[in-house]
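Structure first, commentary second.
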Amino acid sequence: MNFHQQIKSSLLILCLSFILFQNCSGQVSAGDTFLFGLSEQFDKLFGKEVATAACSTDVTITTKKIDLVEDGNVSASFSTTEDSGVTPAPTENDWGYSSFETCIYPSSPFTGSVEIPVSLSSNYGTRITSAQSVPGPAAFPSKLTFTGNGLTARQCLRFTVVNDGDRSAVVDPMTVDLGKMVQKDGDGKVTSGTYSNKDACDISVSLEDDEAPGVRVSNIRVMEEPGPSATTTYGTFKVKLRTAPSANVTIPINDVYDAVNVGNREGTTNPKTLTFTLGTCPGTGNWCADQTVRVDSVDDLELDGLKSYTIELGKTTSTDSDYNGIKPRNVVVYNLDQSVPGFSVLKFSGGSTINSASASVPAITGFATDENNQFGDKYSNFQIRLRSKPTNNVTLNFTSDCGNKCTIQTPSLVFTPSDWNTYQTFRAIGKTDSANSGNQNYTVSFTVSSSDTTYSTTVYKPSVTIRSCDNDGTHLIQPCNYSGSPLGTIGNQLSAAEGGSTQIWLITQSSPGGSISVGLTSSDTSEGTVPASVSIDASNYNTMETGATNRIGLAHVDDALVDLTQYWTITTATSSGGLTYDPIDIYAATTDDEKAFYVTHTGSPKEGTANVATVHVCLGGNNPTQQVVLNISCKTYTATEAAYNECDVITPTQITFPVNSEVETMNASDSGCAASAKKQSFTVSGKDDLFADGNQPFDIRLVMAANTDTNYQNATSPSDHSITNEDDEPAGKKIFTTANSYKGEMGTDGVFGADLTCNNNKPTGVSGTYKALIISNSVGDTSIANHRVPNGINWILSPNYHYYRCTGSGYNVCSDEYTRLFITDGSALFNPTSMSRDFSTTASDEFWTGMTNTASLTPATQTALNPDATACNDATLVYRQNCHGFNYETCTTNSSTYFYGEIWVRNGNGSVSNASRRCDLLKKLICVEQ
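Using mature numbering (1 follows the signal peptide of the UniProt record, and there is no 0), the letters of the sequence shown map in sequence onto residues -30 to -1, 1 to 900.
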C-alpha cells in the first residue's frame, strides 16, 4: 500500500474508533421528537437500528414518540407558534400528558393526491383512545389522503388516556403504522411520483401506569441561552416516587445522553443522582417529596436556533425488588437560542407570543377597524420586537392594501442593537371611503431596511390581516367581527359544527342618543338559534367585547339527522329606540356531525385459503321514509398497481337497509358497528397469485343508490374501504445495482464498507436497509476485520426467499411480479447463470462479488495473479484473495504490486460469468435488502 493509502487507512481507523467510542457512550438525539424518546436518525447512523428500514423524510410527523401518563395533568395540542411545538408550553408543574396530538403532512410539493395507510398495533386495550383531531373530531382513520403539502395540509391524530384504576403489566408501546404511500394523479389513478411506495415513519405511543410502584417525572419549561435580555436561562423538572419503598431508591441522571448536548454544549444538570429514602415521610424518609433537578442553559455562541435534547433518567437501583430496575421516562429540554433571527408578535388581546422565523407562520388574524373610525386602534394594534440582536439598526416599514379604508399611524419602527428585545407598538385606524362595499379584509405587511443582511434578506416577515367593518355611508348599524372569522355574508357564512357557537357584534356609525334595540330571528331554529334581540348604547356602540349586549351569539343546534351542511339566516329587524334603521341580515351555516355510514370489517382474506373478510355497514342516521341501498364492487386497478388482481368475490354485491335502520347509539362508530343488530354485512375474498408481493391492501367501493329518503337523499356514499389480502408466498426482498463504480479496496471495513456504499447509494424511491452481494472467505486472517461466506458468517441471503430487481419505486420496476431475479434454495443460494432476468439493465455491467458463477456461489481465488510472500513480503497478509478481503488494492510493502479480486460480468438473459480483475479498477456493487 502506498503512502497515501496508509494515511487513508489510519484516518479510517481513527474515525472508526471515534464512532465506536460514541456508540458506547449511549448518546442519542432528540431531533426527531418533540417530547420524550430516542432519535431514529442518530441510532441508525451508529448501527443501533440495523433491522429497521429508513422511513421517508418527505412526510413530516411533528411528534413520532409520545409518552402518556395515566395521571398526567396536561392535554397537549400541536402548535405552530410555541417554541416547543405544543400548547400549552411545557412547565415543571406538568406531570405528563393525559392526551397528546401529533400532526402529519407531506413536505414536498406534488400534484393529485397522496394516500398513507394507517393501522394500530396496541397491547393497551381500552386504556388509550385514538381519534383524528384535524380535520375532525372524527374516528381514527384507516387512511390519510392529502391533496396539498405543508403545514396547512396537516392532518392530526390525538391519543387520550383512559385510566382503568388497575395496576397493569408493562407492555410494549402502541405502534401507529403509517404504511407505504400511494400517489395518484388528478383523475385518481395511481402514478409514480415523489411519494410512491415510500414508507412513512411510524408513531410510538407509550402509557405509564399510575397504580404500580413507579417514578413520576415532570416536564420542564422552555429555556433561553444566557444573554443580556434573557429571562429564563434555567429550568427545573421534578421527580418523585409513587409509593413508599422498602429500601432506598437511587436514580442516575445523564445530561450528555443526547448527542446534541455532547460536552454540555447546550446545558448542565444538577444534581446528577437522586436518592429517595425510606421511612416516615415527611420525617425520617424523603420518598414522598418532590426532588428538583435544575438544568442551566449554556450559550454555545452559535446561531443554531431552538435546540431540543434529551436528559436520561437511568434505571432505578434498590434492594426493594419492586423499585429495582424501573426505567423512568426521560425529559426533553428546549433551549432557545438568543440568536434566533425573527420577530415576536403580541396581539392587543394578549395570549401567546407569536414567534416568526420562517415562512411556515400563517398571516396573523384577530384584528378589526371600522370605516367611521369609532374603534380607533383598540382592535388593530400589536406589539412587535426582534428575536435576536442585530448587527445594526433594523427599520420595519409598514404598508397596507386597504386603499382608503385605513390609516397606518406607525409607518415605521426602528430597533437598535440596544433595544431590539423591547416591544414596540404598531397602530392602524379605520378610515371612511364613503362607499357601501361591505365588510372586507386588508393586509398589513412590512419590509426591512438594515445593513444586517440576516434581517434585511433572509428572515421571514409575518403579515397581519385586519377586518374593515363598513359602518360609513348609509350603513348606520353594521355587523362586525374580527379577521380570521367568516364575514357572515351569503358567500362566507358564520359556520360551526353542530353543538358549536359563533359570534358577531352590531356597531353604529356614531354614539346613539339612547339605547337601541334590534330584534333577531333565526330562519331555522332546528339548525341555529340567536337571542330575541340585542341592544346598542353609548357604552358598547364601538366595542366588540364578550358579554356585551350588542353581541349576537349564534348557537348551532346539534340534531340527530344526517343532513350535511345546513344554511340559515339571522334576520335583523328595524331597530327601535334612539335610532331607526334596518341592518343587513347575517348568514350562518351548521355543519353536520353525524356520519352517514359506519364501516368496519373482521378477518382478512388469505391466498390459498378460504379465509374472507366480513364487512359490516351501519347507518349513522335514520332513514324514516325509504330504504337505503348500497352497491358494492372491487375497486379497479391498472395492471402495474400492486393491488391489481387482489380482490376476488364479494357476496352479496348489494345490501339494503330497511326503513328506520339507524344504528343504536352505543354502537354508533366504525368499531361499534359490528355489534349492531341493524348492521348489513357482506364478505370479500382475495385472489391467489404466485408472487411474493407481501400482504396487499385493496379497496372496495360502496356506492349509494339514488333515493328520496328525508335524510339520506343528500348523503354521500361511504369512503372506499380497505381490505388486506394476506400473501402465502415466502417473503420478497429488493435488489439494486449501484449507478457508480468503486475500487476493490472498500476501506478498513472491507465487505462492511461495501454495505455502507449500498445504503448511501439507493435509487430514488427505493427504501430499505441493504448489504452488498460480495464475499470475503478470509476467516482465520486476523488482519481482516469482517468476513462474509456464502450460507455462512455474515451471509446476506435467506433460504426460500423471492428476490427482485428495483430500478425505481414503481410497482412495474420493483416487484416480484414484474422484476423477479431468483428464488433462493433451502441453503440460501441461487444459480447466477439461470436467473429470470439480469441484475441490471446496462449491457456488460461488471460487479465486485468475490464469487464464481456456480450455483454453490463458491468463493473465488486468484492465486496465480495475486502476489506471493516474495512479491509482497508482509507475513500478516494470510488471505490474499479478493483484494485481501476487499481491504487493499496494492501490497502493503510494495505499492506497485496489485491484488486481484473476482467480478461477475452481465451476459444477458439472466446469466453472469466470472473473471478476475485488478483491485484498483472500478466496478459496480449488487445490493440486497435485508
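Don't be surprised by glycine CBs; every beta carbon is placed ideally from N, CA and C. For clarity, every value in this text was computed on a predicted model and none was experimentally measured.
#1: Is the number of C-beta pairs between the region 649 to 666 and the region 857 to 869 that are closer than 8 Å three or more?
#2: With distances taken Cα to Cα, identify the nearest neighbour of Val44 among Ser188, Thr541, Ser493.
#3: Considering Val721, what are the terminal residues of the alpha helix (DSSP H) in which it resides?
#4: Taking the straight line between their C-alpha atoms, what separation do you get for Thr245 and Val141?
#5: Does the beta-carbon of Thr752 have 16 or more other beta-carbons within 10 angstroms, so that it is buried, or is it exposed?
#6: How many Å lie between Ser545 and Lys317 at the Cα?
#7: Whose C-alpha, out of Asp808, Asp844, Phe869, is nearest the C-alpha of Gly820?
#8: Could you tell me whether the region 429 to 448 touches the region 395 to 412, where touching means 3 or more Cβ pairs closer than 8 Å?
#9: Can you tell me which of Ser314, Asp225, Glu178 puts its alpha carbon nearest to the alpha carbon of Arg299?
#10: Under a three-way DSSP split, which group does Glu40 fall into?
#11: Compute the distance between the beta-carbons of Val898 and Ile705, then report whether it is under 7 Å.
#12: I think Pro60 touches Ile223, with their Cβ atoms under 8 Å apart; what is that distance to the nearest whole Å?
#13: Please name the residue, chosen from Phe722, Phe345, Asn615, Asp172, that lies closest to Asn512 on a Cα-to-Cα basis.
#14: Examine chain C for any beta-carbon lying closer than 7 Å to the beta-carbon of Asn684, and answer yes or no.
#15: Please state whether the Cβ-Cβ distance between Thr459 and Tyr614 is less than 7 Å.
#16: Roughly how many whole angstroms lie between the Cα atoms of Ser415 and Thr287?
#17: Can you have a look at Ser388 and say buried or exposed, based on whether 16 or more other CB atoms are within 10 angstroms of its CB?
#18: Between the C-alpha atoms of Ala839 and Gly855, what's the straight-line distance to the nearest angstrom?
#19: Note down the Cα distance separating Ile896 from Val736, rounded to an integer number of angstroms.
#20: Which whole-angstrom value is the C-beta distance of Ala123 and Phe116, which I expect to be below 8 Å?
#21: For a minimum of 3 consecutive residues, which ranges assigned as the beta strand (DSSP E) are wholly contained in the region 398 to 426?
#22: Along the chain, which unbroken stretches of the beta strand (DSSP E) at least 3 residues long are found entirely within the region 791 to 870?
#23: For Ala21, which residues of its own chain have a beta-carbon under 8 Å away from its beta-carbon, when the five flanking residues on both sides are left out?
#24: Put Cys643 into one of helix, strand or coil per three-state DSSP.
#25: Give me, in chain order, the residues of the same chain whose beta-carbon lies closer than 7 Å to that of Gly420; leave out the 5 immediate sequence neighbours on both sides.
#26: Out of curiosity, what's the CA-to-CA distance linking Ser49 and His571?
#27: Taking the beta carbon of Asn240 as the centre, do at least 16 other beta carbons fall within 10 Å, making it buried, or is it exposed?
#28: By the three-class DSSP mapping on this structure, what secondary structure does Tyr293 have?
#29: Starting from Thr280, trace the beta strand (DSSP E) in both directions and tell me its first and last residue.
#30: Ordered along the chain, which non-local residues of its own chain (more than five positions away) have a Cβ less than 7 Å from that of Ala644?
#31: Suppose you measure from the CA of Asn342 to the CA of Asn351; what does that come to, to the nearest Å?
#32: Enumerate, from N- to C-terminal direction, the unbroken beta strand (DSSP E) stretches of 3 or more residues contained entirely within the region 305 to 388.
#33: Do Lys348 and Ser438 have their C-beta atoms within less than 7 Å of each other?
#34: Measure the beta-carbon distance from Glu71 to Ser103 and round it to whole angstroms, keeping in mind my assumption that it falls under 8 Å.
#35: Could you give the DSSP three-state label for Leu446: helix, strand or coil?
#36: Are at least three pairs of beta-carbons, each pair with one atom in the region 25 to 35 and one in the region 162 to 171, less than 8 Å apart?
If we stick to the structure as given:
#1: No, the region 649 to 666 is not in contact with the region 857 to 869.
#2: Ser188
#3: 721 to 729
#4: 27 Å
#5: exposed
#6: 34 Å
#7: Phe869
#8: yes
#9: Glu178
#10: coil
#11: yes
#12: The pair is not a contact, with the Cβ atoms about 18 Å apart (cut-off 8 Å).
#13: Phe345
#14: You won't find chain C in this structure, because it holds only one protein chain.
#15: no
#16: 58 Å
#17: exposed
#18: Whole-angstrom Cα-Cα distance: 17 Å.
#19: So the alpha carbons of these two residues sit roughly 14 Å apart.
#20: 5 Å
#21: The region 398 to 426 is shown to contain whole beta strand (DSSP E) runs of 3 or more residues at 410 to 419, in chain order.
#22: 816 to 818
#23: Note that Ala21 scores a pLDDT of 35, beneath 50, so its modelled location is shaky and nothing firm can be said.
#24: helix
#25: For the record, residue 420 in the displayed sequence is Ser; it is not Gly. Closer than 7 Å at the Cβ level, and outside the excluded window around Ser420, lie Pro360, Asn362, Asn363, Val364, Thr365, Ser426.
#26: 35 Å
#27: exposed
#28: In the three-state reduction of the DSSP assignment, Tyr293 falls in the coil class, being assigned neither a helical nor a strand state.
#29: 277 to 283
#30: Thr570, Thr572, His586
#31: 17 Å
#32: 313 to 317, 320 to 326, 334 to 340, 351 to 356, 364 to 370, 376 to 378, 382 to 385
#33: no
#34: With a Cβ gap of about 5 Å, Glu71 and Ser103 count as contacting.
#35: Coil.
#36: yes
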